[in-house]
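Visitor: Below is the structure I would like to discuss, written out as structure tokens.
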Amino acid sequence: MKKKIIFGSIIILSVLLIGLAFLLYHRNSSNNSTPTAQNTKVASFSNIIDANNQFALDYYSKLKGSEKGNIFFSPFSISSALAMTYEGAKGQTASEMKGLFYFPDISILRNEYAALFEELNKTDKKYTLSTANALWVEQDYKFLADYLQRIEKYYAGKATNLDFKKDPERSRIEINNWVEKQTQDKIKNLIPSGVIDSLTRLVLTNAIYFKGDWVKAFNETDTNDENFTVSEGNNVKVPMMSRTDKDALFNYSENKDLQILELPYSGEELSMLILLPKGKNLNKVESELTTKKLAEWEKGFKNERVDIYIPKFKFETNYFMADDLKVMGMSTAFSSRADFSGMDGTRNLYIGQVIHKAFIEVNEKGTEAAAATAVEMKFTSAPGNEEPKIPIFRADHPFIFLIQQKTSGNILFMGRVTNPEQ
208 MKKKIIFGSI IILSVLLIGL AFLLYHRNSS NNSTPTAQNT KVASFSNIID
258 ANNQFALDYY SKLKGSEKGN IFFSPFSISS ALAMTYEGAK GQTASEMKGL
308 FYFPDISILR NEYAALFEEL NKTDKKYTLS TANALWVEQD YKFLADYLQR
358 IEKYYAGKAT NLDFKKDPER SRIEINNWVE KQTQDKIKNL IPSGVIDSLT
408 RLVLTNAIYF KGDWVKAFNE TDTNDENFTV SEGNNVKVPM MSRTDKDALF
458 NYSENKDLQI LELPYSGEEL SMLILLPKGK NLNKVESELT TKKLAEWEKG
508 FKNERVDIYI PKFKFETNYF MADDLKVMGM STAFSSRADF SGMDGTRNLY
558 IGQVIHKAFI EVNEKGTEAA AATAVEMKFT SAPGNEEPKI PIFRADHPFI
608 FLIQQKTSGN ILFMGRVTNP EQ
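Using the working numbering, you'd call the opening residue of the sequence shown number 208 and step up by one each time.
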């Protein structure tokens with residue numbers, strides 16, 4: 208029987224270190240301005256942002272059907288990892304991956320990813336945001352020079368030789384050390400013992416790190432224990448942060464079912480969106496969540512005074528994605544029919560597992576988040592004229608949140624809080 212090789216890919220979507228605060232933000236004035244250089248930059252990678260965001264909502268939809276508790280993942284990490292994997296895919300394997308991740312034509316994907324990579328790593332900003340890619344290859348296995356060169360040229364992923372065959376444990380430790388360094392020690396032991404073995408031939412890694420501050424932090428003295436409704440008849444006590452002062456001005460909109468709040472980070476280039484159902488049930492909002500709806504809701508933003516109450520929360524998630532991706536339309540890549548000949552010139556590679564791990568903590572001072580993905584392959588054996596009332600945004604029941612690039616809408620992290628104490 209023809210032997211297959213499993214190729215390992217680790218994608219680390221790093222740490223978000225965000226000092227927590229709220230911001231007096233005037234978005235309306237920018238909406239009325241003429242096109243700027245920033246608008247031009249967004250256009251230069253709009254296709255892959257659209258692809259990433261569509262995958263984000265698709266995967267969230269898949270997770271909400273199987274996960275009863277909190278959800279948190281990085282669509283950007285997953286999409287980045289699979290984009291590098293897609294570079295080596297051919298035939299039906301490539302077709303299924305392109306469909307699942309909405310990848311544009313390969314030349315567009317490459318050029319736009321390179322442009323976005325440069326944008327994310329720019330240095331003239333009021334926050335820290337960086338991303339990095341690396342390849343870890345079996346030193347005795349022959350990969351196509353063209354494949355390695357493309358990954359380095361368009362994804363800035365340089366190859367490092369490791370001895371997976373004779374010393375897989377040392378190789379695992381070296382990759383994990385790189386991951387920890389790129390994520391400021393927030394993702395430890397990403398690759399568990401036993402995942403990398405003598406049959407591993409390639410591991411790809413992607414890391415992204417973010418550190419920023421809200422313009423105005425929460426005052427710890429304003430945090431009080433309050434009830435959070437997990438489900439009907441099930442309440443938990445959580446530390447609830449609040450901002451109800453005269454400077455509590457935010458981009459805000461609402462409809463009969465939903466309240467939407469935007470909390471920008473320092474520099475006004477990144478923000479967190481919180482989608483809070485007016486009832487206690489999140490199902491209706493989740494069922495309506497699309498990229499079109501997100502754009503529609505954000506278009507309705509007005510900068511206004513809002514009294515806000517948001518819980519502190521901290522949790523971790525871990526997803527073994529292979530079965531999900533198969534169901535979502537990418538089954539060939541995990542089978543003996545897989546064609547990754549763009550990597551090594553043969554059809555000896557297939558994906559064994561895709562693992563995604565994430566962590567987030569939100570408190571008065573900031574937000575800290577980290578995520579990692581591993582793709583593992585190995586050798587097989589209100590209207591009217593009345594004076595407006597101040598809206599109250601009380602997140603004391605399940606809600607959805609996104610962390611995005613404001614101008615482009617690129618979703619870096621996405622999650623759901625059903626229990627802040629989970």
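All C-beta atoms in this analysis are idealised placements derived from N, C-alpha and C, irrespective of residue type, glycine included. For clarity, every value in this text was computed on a predicted model and none was experimentally measured.
Give me, in chain order, the residues of the same chain whose beta-carbon lies closer than 6 angstroms to that of GLY364; leave out the 5 immediate sequence neighbours on both sides.
Guide: Closer than 6 angstroms at the Cβ level, and outside the excluded window around GLY364, lie ASN340, ALA341, LEU342, ILE358.
Visitor: State the DSSP-derived secondary structure class of ALA290, mapped to helix, strand or coil.
Guide: helix
Visitor: Could you name the residues of the same chain whose beta carbon sits closer than 6 angstroms to that of ASN525, not counting the 5 residues immediately before and after it, in chain order?
Guide: LYS564
Visitor: How would you label PRO375, buried or exposed, when you count the other beta carbons within 10 angstroms and need 16 or more for buried?
Guide: buried
Visitor: Return the first residue and the last residue of the beta strand (DSSP E) that ASN434 is part of.
Guide: 431 to 438
Visitor: Less than 8 angstroms between the CB atoms is what I'm expecting for PHE600 and ASP514, so what's the real figure, rounded?
Guide: 7 angstroms
Visitor: By DSSP, does THR539 sit in helix, in strand, or in coil?
Guide: The answer is helix: DSSP assigns THR539 an H, G or I state.
Visitor: What do you get for SER543, buried or exposed, if any count of 16 or more other CB atoms within 10 angstroms of its CB means buried?
Guide: exposed
Visitor: Below 9 angstroms between beta carbons: does that hold for ARG377 and SER400?
Guide: SER400 sits away from ARG377, with the two beta carbons spaced by 9 angstroms or more.
Visitor: Just verifying my parser: in three-state terms, what is the DSSP assignment at ARG601?
Guide: strand
Visitor: Closer than 8 angstroms is the cut-off here; do at least three beta carbon pairs connect the stretch 418 to 428 with the stretch 443 to 456?
Guide: Flag = yes, the stretch 418 to 428 and the stretch 443 to 456 touch.
Visitor: Around the Cβ of ILE558, are there at least 16 other Cβ atoms within 10 angstroms (buried) or fewer (exposed)?
Guide: Under this definition ILE558 is a buried residue.
Visitor: If you reduce the DSSP assignment to three classes, tell me which class PHE508 lands in.
Guide: coil
Visitor: Taking C-alpha atoms, which residue in ILE607, ALA288, ASP454 lies nearest to GLU495?
Guide: ILE607
Visitor: Enumerate, from N- to C-terminal direction, the unbroken alpha helix (DSSP H) stretches of 4 or more residues contained entirely within the stretch 343 to 370.
Guide: 352 to 362
Visitor: Just to confirm, are TYR293 and PHE308 a CB contact at a threshold of 9 angstroms?
Guide: yes
Visitor: By the three-class DSSP mapping on this structure, what secondary structure does ASP331 have?
Guide: coil
Visitor: What do you get for ILE403, buried or exposed, if any count of 16 or more other CB atoms within 10 angstroms of its CB means buried?
Guide: Label assigned to ILE403: buried.
Visitor: Compare the beta carbon distance of LYS418 and THR335 with 9 angstroms and say whether it is the shorter of the two.
Guide: yes
Visitor: What do you get for ALA287, buried or exposed, if any count of 16 or more other CB atoms within 10 angstroms of its CB means buried?
Guide: Looking at the sequence provided, one finds Ser at residue 287 rather than Ala. Buried is the call here.
Visitor: Starting from GLU523 and walking both ways along the beta strand (DSSP E), at which residues does that stretch end?
Guide: 520 to 527
Visitor: In its own chain, which residues sit with a C-beta less than 7 angstroms from the C-beta of VAL437, not counting the 5 before and 5 after it?
Guide: VAL443, THR625, ASN626
Visitor: Between ASP530, ASN458, SER548, which lies nearest to ASP353 when the distance is taken from Cα to Cα?
Guide: SER548
Visitor: Please state the DSSP three-state secondary structure of THR614.
Guide: Coil at THR614, not helix or strand.
Visitor: Indicate whether THR574 and ILE618 have their beta-carbon atoms separated by less than 9 angstroms.
Guide: no
Visitor: Could you tell me if PHE541 is buried or exposed, where buried requires 16 or more neighbouring beta carbons within 10 angstroms of its beta carbon?
Guide: buried
Visitor: Less than 6 angstroms between C-beta atoms, sequence neighbours within five positions excluded: which residues of the same chain meet that for PRO590?
Guide: With a pLDDT of 45 at PRO590, under the threshold of 50, the modelled position of this residue cannot be trusted, and the question is left open.
Visitor: In whole angstroms, what separates the C-alpha of ASP546 from that of TYR266?
Guide: 24 angstroms
Visitor: So GLY616 and ILE315 are in contact, right, with Cβ under 8 angstroms, and what is the actual spacing, rounded?
Guide: The pair is not a contact, with the Cβ atoms about 18 angstroms apart (cut-off 8 angstroms).
Visitor: Less than 9 angstroms separating the beta-carbons of SER460 and GLU505?
Guide: yes
Visitor: Rounded to whole angstroms, how far is the Cβ of GLU303 from the Cβ of ASN254, which I believe are closer than 8 angstroms?
Guide: GLU303 to ASN254, Cβ: 19 angstroms. No contact.
Visitor: Hey, how far is the Cα of GLN629 from the Cα of ILE313?
Guide: Between GLN629 and ILE313, the C-alpha separation is close to 41 angstroms.
Visitor: Could you tell me which residues DSSP puts in a beta bridge with PHE280?
Guide: Paired residues: MET621.
Visitor: Let's see if you can read the secondary structure: which residues bound the beta strand (DSSP E) around TYR459?
Guide: Unbroken beta strand (DSSP E) run through TYR459: 456 to 461.
Visitor: Which partner residues of PRO627 appear in the DSSP bridge assignment?
Guide: Bridge partners of PRO627: none, in fact.
Visitor: Are the beta-carbon atoms belonging to GLN466 and LEU480 less than 9 angstroms from one another?
Guide: no
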